[in-house]
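Mapping of the sequence shown onto our numbering: position 8 corresponds to residue 8, and the numbering continues sequentially without gaps.
Beta carbons: idealized from backbone N, C-alpha and C, even for Gly.
Computed from a predicted structure; not experimentally measured.
Notes follow once the structure below has been shown.
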Amino acid sequence: MLSGDYTFTCEADGYEVATLDETVTTGELTYLGFELTAITGTNDLPIFATELQNNYPNPFNPTTNIAYSVKEAGNVTLEVYNIKGQLVRTLVNGTKETGQFTATWNGTDNNSKSVSSGVYFYKMKSGNYSSTKKMILMK
1 MLSGDYTFTC EADGYEVATL DETVTTGELT YLGFELTAIT GTNDLPIFAT
51 ELQNNYPNPF NPTTNIAYSV KEAGNVTLEV YNIKGQLVRT LVNGTKETGQ
101 FTATWNGTDN NSKSVSSGVY FYKMKSGNYS STKKMILMK
């Protein structure tokens with residue numbers, strides 16, 4: 001592979017699509033640290049509202065689960081922000097059918113690097129719905 005900046009995409013059945021930006025140097029090994037988030041939707045029960053749930057556990061170390069429901073199929077984003085309001089990690093960004101889902105965050109940023117202890121916010125958007133909640137990472 002020629003030296004340069006590349007965006008790699010990893011897709012697997014039952015998992016969210018993951019992307020990773022990486023610089024490659026010809027003649028050197030490049031390790032890609034993809035973190036795949038399992039899709040755990042359950043569509044057997046009727047969904048009465050689009051809703052973001054509290055994460056569990058909270059505080060957490062090293063991972064936490066964020067449950068959410070989608071009443072009407074459409075684009076859903078679920079993102080993690082630091083206390084400064086800077087985007088840290090995109091957990092979900094795509095079309096979801098009606099159902100209940102859980103995303104897991106392992107305390108890493110979009111470059112698969114561990115983040116520091118502290119307060120973080122997770123925000124879900126779906127159609128006209130938007131909700132933000134607080135979580136605490138304790139190492």
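Beta-carbon proximity of Val-76 to Tyr-122, cut-off 7 Å: no
Rounded C-alpha distance that separates Ile-66 from Ile-47: 17 Å
Cβ pair count under 8 Å reaching 3, the region 53–63 against the region 79–93: no
DSSP state of Phe-60 mapped onto helix, strand, coil: strand
Distance between Glu-51 and Tyr-68 (C-alpha atoms, nearest Å): 6 Å
Sequence-distant residues of the same chain with beta carbon closer than 7 Å to Ala-12, five excluded per side: Leu-36
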